[in-house]
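Structure first, then comments.
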Amino acid sequence: MKAPGIASAQRGAVLLLLLLLVGTLALTLLVRALNRISPDEIKRRKSAEALQQARSALLAWSIARGDDASSSSAGSPGELPCPDTSPPGSASEGLEAASCAAGALGRLPWRTLGIARLVDGYGEPLWYAVDGGFKRRTSSEIRLVNSDTRASLQVYAGGGIQLQTPAGEEAAAVIFAPGPALPAQDRVAGVTAAANYLDATGGRNNATAGGPFIAADAATDFNDQLIVLSGSDLLDAIVPRLAAAVRQAISAYRNSANNPDHVPYPRPALISDSKCRDNDPGIVTTGSSICRSQSNVCRGILPQVDAPPGGSDIVLAYPVWFKQNLWYRAVYFAVASDGAATGNGNGNGNGNGKPSHCTDGHGNDINTPGCNGKPVYSDCGTITVTGLSDNPDALVIFPGSPRGSIVRIATPQSKNLLVSTSLGDYLEDSANQDGWSNSTPAADVYQLPGIWQTRWRCSQRGAANNDRLCTLALGDPP
1 MKAPGIASAQ RGAVLLLLLL LVGTLALTLL VRALNRISPD EIKRRKSAEA LQQARSALLA
61 WSIARGDDAS SSSAGSPGEL PCPDTSPPGS ASEGLEAASC AAGALGRLPW RTLGIARLVD
121 GYGEPLWYAV DGGFKRRTSS EIRLVNSDTR ASLQVYAGGG IQLQTPAGEE AAAVIFAPGP
181 ALPAQDRVAG VTAAANYLDA TGGRNNATAG GPFIAADAAT DFNDQLIVLS GSDLLDAIVP
241 RLAAAVRQAI SAYRNSANNP DHVPYPRPAL ISDSKCRDND PGIVTTGSSI CRSQSNVCRG
301 ILPQVDAPPG GSDIVLAYPV WFKQNLWYRA VYFAVASDGA ATGNGNGNGN GNGKPSHCTD
361 GHGNDINTPG CNGKPVYSDC GTITVTGLSD NPDALVIFPG SPRGSIVRIA TPQSKNLLVS
421 TSLGDYLEDS ANQDGWSNST PAADVYQLPG IWQTRWRCSQ RGAANNDRLC TLALGDPP
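No gaps in the numbering here: position 246 of the sequence shown is 246 in UniProt numbering, and each next residue is one more.
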């Protein structure tokens, strides 16, 4: 009979040997799996990773545009840089061109984006095409970048027949990994013609500025890889910037010296007002042409100026880029009658069912509009959003890019053009399309476009639409 200690040691040795065998087998299987991946496939995977990084960098650059609030010609979120057309190895390599045409094609401007130089799995720099509606605007252009902007770049699947960018999902940018040179392509130093890097198949040519482009499987005569940044995705990504700009402007309105009663929200303006429909950003500051709120309106668009009850004119303090690109015109805005009188259910009250605006900071009530049962606008209704338990004080809906055959403004844009006044051209849920035309309480009932994000008090866009609904509250940051 073996001693217990010897038996235990033997069992441990057997277990260790078993683990070693399992580990060796797993390593062998892994090596075999890796050996089955061809060198070209490994390189194409690296190319795909570089394309994803480039797309993320373009989004980040675009979202951050317009941060220089002091600039008289601020960039706008939603803009994209021009391609890099500088010779390789030059001092300006990696920087965007000073200007570019619609559909311009060149190399990815990695320095402008603030990233390291990106190359594909074969060591080739990435290429990039930008849509004319989203390319960075020069100071002399009337063209605006807002949610009325529709991308136009098209990408076809292999075969060149089926669109990968259907109506409403057209590309604002297309990024290319050129892959290895084909026999007819000359890539000696200094040669930057697109045809020496980008390929053609199925009757489509990726070297053609403005496209249409093609995303096909690798073949002996085609090895491009590409990724799309749709106009829809780009505009959706900047909604948090837009929501923050609106909330800050309304908070400043509430605390303005011209608003002694601290009326919490301005009245909406009407898009049927020619001064609000006009496409000229030169009229956005002062004078008789300014887009003014209407005294009897509860649902419309964001105004540029409002005179609150008991106060005088207040110009809404939107950021420079917001005004220059007429974003106020593109945002649906609705106010409730006395939603602010009973608290907003978003954690901004004083614990006694009243919003913080209705106390002086010491628990004493303030008898101003929206507090103690005194309605802000008695002619407005109660806002209800299906899926939310609270009745918001006010809300905004940010339309996504136009879908299908919808055109909100003709192209090319000019100063004398007017935008559509049909809400159905902007919002896609039928329950949200009657706010400009229906005077019954049904117009104050809204549908969430997508999943509700409690932290931001905004919805995501839905699977079938591009819109984003956000509620406003008295506790919004100044």
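Cβ atoms here follow ideal geometry from the backbone N, Cα and C, with glycine treated the same way.
Let me know if residue i comes out buried or exposed under the rule of 16 or more other beta-carbons within 10 Å of its beta-carbon.
i, result
"D221", "exposed"
"A215", "buried"
"D217", "exposed"
"N223", "buried"
"residue 559", "With the chain covering only 1 through 478, there is no way to say anything about residue 559."
"G347", "Unreliable placement is indicated for G347, whose pLDDT of 32 sits below 50; no coordinate value is reported for it."
"I175", "buried"
"N432", "buried"
"P392", "buried"
"Q52", "exposed"
"V22", "exposed"
"R455", "exposed"
"A184", "exposed"
"A219", "exposed"
"A26", "exposed"
"residue 488", "Not covered by the structure: residue 488. The range shown for the chain is 1 to 478."
"Q304", "buried"
"G353", "Unreliable positioning characterises G353 in this predicted model, as indicated by a pLDDT of 41, which lies under 50. A coordinate reading is not provided."
"D467", "buried"
"S439", "exposed"
"R168", "Looking at the sequence shown, residue 168 is not Arg but Gly. With 16 or more other Cβ atoms within 10 Å, it is buried."
"P39", "exposed"
"G343", "For G343, the predicted structure reports a pLDDT of 34, less than 50, and the residue's modelled location is therefore unreliable. A value from the coordinates is still provided. G343 is buried by the Cβ-count criterion."
Find the nearest neighbour of residue i within the set the options, judged by alpha-carbon distance.
i, options, result
"C298", "G311, I227 and I383", "I383"
"G211", "V155, I238, N196 and A189", "V155"
"I271", "V263, Q162 and L302", "L302"
"A334", "L226, P441, G300 and W321", "G300"
"L198", "W436, R277, P449 and E124", "E124"
"P266", "S76, V396 and G387", "V396"
"T411", "L144, P39 and D236", "L144"
"A172", "N205, T471 and F134", "F134"
"R457", "V320, K323, S422 and A473", "A473"
"R117", "L95, G132, A207 and D306", "L95"
"R329", "P309, D280, S337 and P308", "D280"
"P309", "G475, Q294 and Y318", "Q294"
"P160", "W61, A26 and A200", "For the record, residue 160 in the displayed sequence is Gly; it is not Pro. Residue A200 is the option with its Cα nearest to G160."
"A151", "P268, V320 and I406", "I406"
"D444", "G435, I451 and G450", "G435"
"I451", "A307, I42, A463 and R187", "A463"
"E170", "I227, T138, T208 and I115", "I227"
"P83", "L108, D67 and G66", "L108"
"S389", "T440, N325 and T471", "T471"
"A64", "R45, R187, L19 and L113", "L113"
"P166", "P81, G132 and S232", "S232"
"S337", "D306, W327, V320 and D379", "D379"
"L234", "N438, S62 and S76", "S62"
"Y446", "K43, A394 and L163", "A394"
Check for me: the alpha helix (DSSP H) holding residue i runs from which residue to which?
i, result
"Q294", "Run containing Q294: none; DSSP gives neither H nor E here."
"Q53", "P39 to I63"
"V331", "From DSSP, V331 is part of no alpha helix (DSSP H); its letter is neither H nor E."
"Q324", "V320 to Q324"
"L113", "W110 to L113"
For the beta strand (DSSP E) containing residue i, name the first residue and the last one.
i, result
"R299", "R299 to I301"
"R187", "Premise fails: R187 is in no beta strand (DSSP E) and is neither H nor E."
"Y156", "V155 to A157"
"W127", "W127 to V130"
"Y446", "V445 to Q447"
"R107", "L105 to R107"
"F134", "It is not in any beta strand (DSSP E) - F134 carries neither H nor E in the DSSP assignment."
"C470", "R468 to L472"
"T386", "T384 to T386"
"I397", "A394 to F398"
"V174", "A171 to A177"
query: Touching or not, the segment 301-320 and the segment 250-259, by the rule of three or more beta carbon pairs under 8 Å?
result: yes
task: Just list the alpha helix (DSSP H) runs in the segment 204-292, keeping only unbroken ones of 4 residues or longer that don't cross its boundaries, in chain order.
output: 231-237, 239-254 and 274-277
message: Under 8 Å: do the segment 238-251 and the segment 402-421 share three or more Cβ pairs, one atom per stretch?
response: no
task: Please confirm if the segment 399-406 is in contact with the segment 133-150, defined as three or more CB-CB distances below 8 Å between the two stretches.
output: yes
field: Validate contact between the segment 273-280 and the segment 230-242 using beta carbons, cut 8 Å, 3 pairs
entry: no
query: Do the segment 54-66 and the segment 84-92 meet, that is, are 3 or more Cβ pairs less than 8 Å apart?
result: no
task: For the segment 177-193 and the segment 418-431, state whether three or more C-beta atom pairs, one from each stretch, are separated by less than 8 Å.
output: no
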